[in-house]
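One structure below.
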Amino acid sequence: MIGDSNTNRNLWIITGLASIPFAILAFVDPAKVKFPHIYILFVSACLFNGLVVPFVLFKNEPDWIQKTLALGVNMIFATLWIDYTGGTSSIFYPNFYLLPIIAATMYCGFIDSFLTAFFAGLLSLWFQYNELGLNLAIIGETSILVNIIFFFLLSSILGYLIKIGREQQASTMKITSELETAYHQLSASHEQLQSYTEIIEKMNKEMEQLAITDELTGLYNYRYFQIALDKELKKNKFSVISLFMLDIDNFKLFNDRHGHLMGNRMLAEIARVIKENVRGVDTAVRYGGEEFAVIFPGMDSNEVAQLAERIRKIVENTYIKTGAGEPVSVTVSIGVASYPRDAQTKSELISHADLALYDAKQAGRNQVCTFKKKPALES
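Just so it is clear: in the sequence shown, position 367 is 367 by UniProt numbering, and no numbers are missing.
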């Protein structure tokens with residue numbers, strides 16, 4: 001049987017329903033009809049073709065025994081129907097045999113169709129033989145056999161075309177199903193790949209962030225400071241940029257007295273103070289050791305000096321407790337320089353801010369100094 005079992009089951013039921021009007025024609029000439037045989041036969045045919053064949057024999061893919069049983073029983077039904085409605089004088093003779101041939105053509109293969117047509121021809125001759133004798137049956141009713149053979153050939157061609165169409169349909173459905181499966185697998189793989197890509201991108205961003213971040217303080221590191229200062233100088237080539245350098249006073253002595261763990265806590269606390277007092281556009285970094293730096297785009301040295309003084313005072317009044325509960329604090333010195341007033345290049349800006357920091361240290365520490373150009377020596 002070609003096609004899926006549900007489709008063929010439904011087609012078998014539809015074929016059976018389509019044959020009901022032919023059954024009604026049996027009562028056109030009641031004198032030839034055998035009662036109650038015709039009623040019993042009608043009910044039997046309905047039950048067999050409406051229930052047994054579609055829901056028992058053809059429930060799954062039928063084998064040759066189930067196909068032969070379905071066609072054979074219907075051949076018997078056709079023979080009895082013709083016999084009960086007048087034999088050779090029945091309006092159904094011999095055309096009623098075409099129904100099993102149609103069924104064989106639609107649901108079975110070429111051999112089943114051939115055998116069904118062959119037995120239909122033999123049964124037609126059998127009816128003629130019973131009534132007219134062997135010679136008359138063969139010679140006088142040759143047209144019956146010709147019609148059956150012609151219909152068999154026609155139905156075989158149609159059946160072959162139907163078979164090809166169903167095979168193509170089944171192949172198309174299989175390919176479609178495989179494509180859908182492949183599409184879903186590809187979609188799942190794409191989503192998984194996208195998920196992996198997002199994870200990798202996130203990890204890359206985290207790694208990039210770690211590469212430019214100081215682990216202890218959470219500020220940017222020296223490497224990022226160089227990148228950020230280059231970027232700001234290019235972006236603000238004709239604008240003012242200021243830089244301050246901050247150094248913790250006597251930090252080595254603090255570490256020697258209170259330990260490096262307390263020193264780390266103090267570094268983190270000063271970093272917090274700086275972050276809380278600068279703008280979002282400013283770049284705060286741990287320059288190295290106990291030294292910090294902040295890049296201020298758009299601010300001159302006087303404005304930055306005022307901000308630096310505020311930070312210095314906050315640090316001076318910030319205390320952390322030692323393990324013994326003793327509050328301790330530190331002071332800081334800050335140097336400020338601006339571009340383009342104090343420097344024309346990146347290296348000059350860093351150097352001059354560092355010189356201003358040196359001046360703050362030399363002046364007694366715990367203060368803010370801006371860069372001042374040294375007067376030229378007279379020759």
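Cβ atoms here follow ideal geometry from the backbone N, Cα and C, with glycine treated the same way.
Separation of A70 and I175 (C-alpha to C-alpha, rounded to the nearest whole angstrom) is 32 Å.
The straight-line gap separating the alpha-carbon atoms of L355 and F371 is approximately 7 Å. A direct Cα-to-Cα measurement between L57 and L41 gives close to 20 Å. With a beta-carbon spacing of about 6 Å, Q367 and S333 fall inside the 8 Å limit used to define contacts. Check the Cα spacing between D230 and each of L179, E180, T283: the tightest is with T283.
CA-to-CA, the gap between L307 and C369 works out to about 12 Å. When the Cα atoms are used, Y224 and I212 turn out to be separated by approximately 5 Å. Across the set V281, F244, P100, H190, the C-alpha of V281 shows the shortest separation from the C-alpha of N236.
DSSP lists no bridge partner for A78. A104 is the residue among I38, I227, A104 whose C-alpha sits nearest the C-alpha of W64. Cβ-Cβ distances below 8 Å link I227 to I212 in the same chain, with the five nearest sequence neighbours on each side left out; the list follows chain order.
Scanning the UniProt domain "GGDEF" (239-373) from its first residue to its last, the whole alpha helix (DSSP H) runs of 4-plus residues come out as 251-258, 260-277, 301-316, 346-362. With contacts defined as CB atoms closer than 9 Å, L246 and I311 qualify as a contacting pair.
With respect to the 9 Å criterion, L233 and L349 are classified as neighbours on the basis of their beta carbons. The beta carbon of K373 sits closer than 8 Å to the beta carbons of D342 from its chain, once the five residues preceding and following it are set aside; these are given in chain order.
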